[in-house]
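Undergrad: If you read the sequences in order, they're chains A and B. Quick note on numbering: the working numbering labels position 158 of the first sequence as 186, and the sequence is numbered without any gaps. Quick note on numbering: the working numbering labels position 150 of the second sequence as 178, and the sequence is numbered without any gaps. Once you've had a glance at the structure underneath, I'll fire off some questions.
There are 2 protein chains.
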Amino acid sequence: MTGMAAPQTEARLLVVEDDPNILELLSASLRFAGFDVSTATSGSAAVNAAKDRRPDLVVLDVMLPDLDGFEVIRLMRESGTRTPVVFLTARDATDDKIRGLTLGGDDYVTKPFSLEELTARIRAVLRRTTAGEQSPSRLTFADLELDEETHEVYRAGERIQLSPTEFKLLRYLMLNANRVLSKAQILDHVWNYDFRGDDNIVESYISYLRRKVDTTQPRLIHTLRGVGYVLRKPAT
Amino acid sequence: MTGMAAPQTEARLLVVEDDPNILELLSASLRFAGFDVSTATSGSAAVNAAKDRRPDLVVLDVMLPDLDGFEVIRLMRESGTRTPVVFLTARDATDDKIRGLTLGGDDYVTKPFSLEELTARIRAVLRRTTAGEQSPSRLTFADLELDEETHEVYRAGERIQLSPTEFKLLRYLMLNANRVLSKAQILDHVWNYDFRGDDNIVESYISYLRRKVDTTQPRLIHTLRGVGYVLRKPAT
DNA sequence: GGAGTCGCTGAGAAGAACCTGAGAGTAGCC
DNA sequence: GGCTACTCTCAGGTTCTTCTCAGCGACTCC
């Protein structure tokens, strides 16, 4: 668990969200992904926390009880901090202000999101905005390659087309290579947090993935009956 | 996004604008485009900032609470600096002074503008006014050529007529060749900041562009379903 | 070796994403 | 004032994607 493959370990995040359930979900999983997480549940608390803690990135719900997310950012930037932001917005948010969010290297994720989605965006924004490029956008495992920016996947140099969900699942497996992942765990990370189906969807997508990326020897995606799945080289 | 293709990296800009929203919009995106940006929210502050910081170019709203933009320029030039300017004006500004701006190497952009438009003008003015020719006015990608000054576009040497929006979109794609651009990102950069339509307009214009510039092999404009669009050579 | 459980996969329905033709409205031009 | 070119919206069609269900095979445990 400690050596989470994610290379952004140690980046300081400030998560701002008023719904306690979502806040708990976010802070627990981001912490687990290796980030140094602090939290705030209101806009004004967020502005203060940003001053004190100087986070490397802010995850910010645009709908807050006191100030809205855009006000928070303005106040934070007036006080000199130039911190990148990943916004959380409602799906239908046709709100005027949502336009323009991608301008300063920032990004946004619409609720309900998946944790995989959110952490991928966080990694991408950190990659773009921090001078020293820390985490490469390309993941590799054995002869598998996955480019997070272009969404391209190769097996043994051969280009493979994946659907968005297949892509997210493979990325999650690769980020956690050699670690056994239960179906519940995969469901929690790769699917939106409001997904109400059952485990079988994971089996289905594992099946799709195998057909597309795991037809050649050696097989990389292994089933551990009653336990879960793992991406690893055989002979282990 | 890190290596923003724009070659004007490092030029020092002073942005003068009293509307905090627009100022934030401008400074965030110009900074992200690689400029070294400082800001002022009033005419007098601008004059001082120009003395201190000696910017290579000033982006200046003509409507300011204290002095108007032309006064600001006069004061700045009395103190000896001959800094080029890109003015921001209201759409209906038929003001005599605005015309004739292009004579001195300066230029203007009418509000509401698109960021593509503004950064293109900034690049053009810097190109004209700085001795060392830095950024060429002609962009090329594969057998595509686009001349920023004459607004001419060629595919395989063949002249192609584009509408203004088609031209801006293609320029944005070319400046970001091989980088995946989401529809939101394209909307934010290519369309005016007050545009209130939805993503479909991007699909429409991509369709127009394809019909005009991408009918021959190899295809250069690619759709990444669920992700965005990218300009690139196949076989990658 | 039989019953029950677990996992795999094909089929298909529902929905989402994307493309494009048609047309209304508008701005610019002669 | 009329013409043209352009922008933007809408809706229908197409393709791709997601998710469910059910049947079958494989494994486990008694």
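Beta carbons are placed, not taken as given, at the ideal position from N, Cα and C, and that holds for glycine.
1. Going by beta carbon distance, what residues of the same chain come within less than 6 angstroms of R238 of chain A, once the five residues before and after it are set aside?
2. How should K196 of chain B be labelled, buried or exposed, when 16 other C-beta atoms within 10 angstroms of its C-beta is the threshold for buried?
3. For H179 of chain A, return the contacting residues in chain B, with the cut-off set at a CB-CB distance below 8 angstroms.
4. Scan the region 154-189 of chain A and note each continuous beta strand (DSSP E) run of 3 residues or more that stays entirely inside, going in chain order.
5. In chain order, what residues of the same chain have a beta carbon less than 6 angstroms from the beta carbon of T157 of chain A, not counting five sequence neighbours either side?
6. From this set, A:V241, A:S210 and A:D242, which residue's C-alpha is nearest R253 of chain A's C-alpha?
7. Would you call the region 255-263 of chain A in contact with the region 206-220 of chain A, where contact means no fewer than 3 C-beta pairs closer than 8 angstroms?
8. With DSSP run on the structure shown, which of helix, strand or coil describes R40 of chain A?
9. Near E173 of chain B, which residues of its chain fall below 6 angstroms by C-beta distance, leaving aside the five closest residues on each side in sequence?
10. Jot down the residue ranges of each uninterrupted beta strand (DSSP E) in the region 212-260 of chain B, minimum 3 residues, whole runs only, in chain order.
11. Within the chosen definition, does the region 49-62 of chain B reach the region 99-115 of chain B through at least 3 CB pairs nearer than 8 angstroms?
12. Could you check where the alpha helix (DSSP H) with K139 of chain B kicks off and where it finishes?
13. Taking A77 of chain B as the reference, give the member of B:A184, B:V218, B:L42 and B:S55 with the closest Cα.
14. Where does the unbroken beta strand (DSSP E) through V75 of chain B begin, and where does it stop?
15. Which two residues bound the contiguous alpha helix (DSSP H) that contains F115 of chain A?
16. Ignore the nearest five residues each way along the sequence and tell me which others in M29 of chain A's own chain have a CB closer than 7 angstroms to its CB.
17. With DSSP as the reference, label E45 of chain B as helix, strand or coil.
18. Short of 6 angstroms in beta carbon distance, which residues of its chain neighbour A74 of chain B, apart from the five on each side in sequence? Order them along the chain.
19. For M29 of chain A, which three-state DSSP category applies?
20. Cα-Cα, which of A:L203, A:H179 and A:D80 is closest to A170 of chain A?
21. Using a Cβ-Cβ cut-off of 6 angstroms (strictly less than) and excluding sequence neighbours within five positions of M32 of chain B, which residues of its own chain qualify?
22. Run through DSSP, which three-state label would S57 of chain A get?
23. Taking DSSP as the reference, what is the three-state secondary structure of A205 of chain A?
24. Out of A:V218, A:F223 and A:D222, state which residue places its alpha-carbon closest to the alpha-carbon of I234 of chain A.
25. Under the rule that 16 or more other beta-carbon atoms within 10 Å means buried, what is R151 of chain B, buried or exposed?
26. Counting only beta-carbon separations shorter than 8 angstroms, does P192 of chain A have a partner in chain B?
27. Identify, in the order they occur along the chain, each residue of the same chain with its Cβ nearer than 7 angstroms to the Cβ of H179 of chain B, setting aside the five sequence neighbours on each side.
28. May I ask you to report which of helix, strand or coil DSSP gives A148 of chain B?
29. When burial is assigned at 16 or more other CB atoms within 10 Å of the CB, is A39 of chain B buried or exposed?
30. I want to verify the contact list: residues of chain A whose CB lies under 8 angstroms from the CB of Y221 of chain B, in sequence order.
31. I think L116 of chain B touches D135 of chain B, with their Cβ atoms under 8 angstroms apart; what is that distance to the nearest whole Å?
32. With H, G and I counted as helix, E and B as strand and the rest as coil, what does DSSP make of L85 of chain B?
33. Just the chain A side, please: which residues come within less than 8 angstroms of D216 of chain B by C-beta, in chain order?
34. On the CB-based measure, 16 or more other CB atoms within 10 Å of its CB, does E177 of chain B come out buried or exposed?
35. Please report the distance separating the alpha-carbon of V114 of chain B from that of D84 of chain B.
36. Would D216 of chain B be called buried (16 or more neighbouring beta carbons within 10 Å of its own) or exposed?
TA: Taking the geometry as given:
1. I249
2. buried
3. V208, L252 and V255
4. 166-169, 172-175, 180-183 and 186-188
5. P112 and G133
6. A:S210
7. yes
8. strand
9. Y182
10. 249-252 and 256-259
11. no
12. Unbroken run through K139 of chain B is the beta strand (DSSP E), D135 to K139; no alpha helix (DSSP H).
13. B:L42
14. Per DSSP, V75 of chain B belongs to no beta strand (DSSP E); it is in the alpha helix (DSSP H), G71 to R81.
15. Counting along the chain, F115 of chain A falls outside any alpha helix (DSSP H), though it belongs to the beta strand (DSSP E) covering V113 to A118.
16. Because the pLDDT of M29 of chain A is 41, which lies under 50, any placement of that residue in the model is unreliable, and the number read from its coordinates should be weighed accordingly. Result list for M29 of chain A: empty, nothing under 7 angstroms.
17. coil
18. V44, A68 and V100
19. In this prediction, M29 of chain A has a pLDDT of 41, which is less than 50 and means its spatial position is unreliable; what the coordinates show is noted afterwards. Looking at M29 of chain A - three-state DSSP - the assignment turns out to be coil, as it is neither helix nor strand.
20. A:L203
21. Note that M32 of chain B scores 47 on pLDDT, short of 50, meaning its location in the model is unreliable; the coordinates nonetheless yield the value given after this. Cβ neighbours of M32 of chain B beyond the five flanking positions: A61 and G62.
22. helix
23. coil
24. A:V218
25. buried
26. yes
27. F195
28. helix
29. buried
30. R127 and G128
31. With a Cβ gap of about 11 angstroms, L116 of chain B and D135 of chain B do not count as contacting.
32. strand
33. R127, G128, L129, T130 and L131
34. exposed
35. 11 angstroms
36. buried
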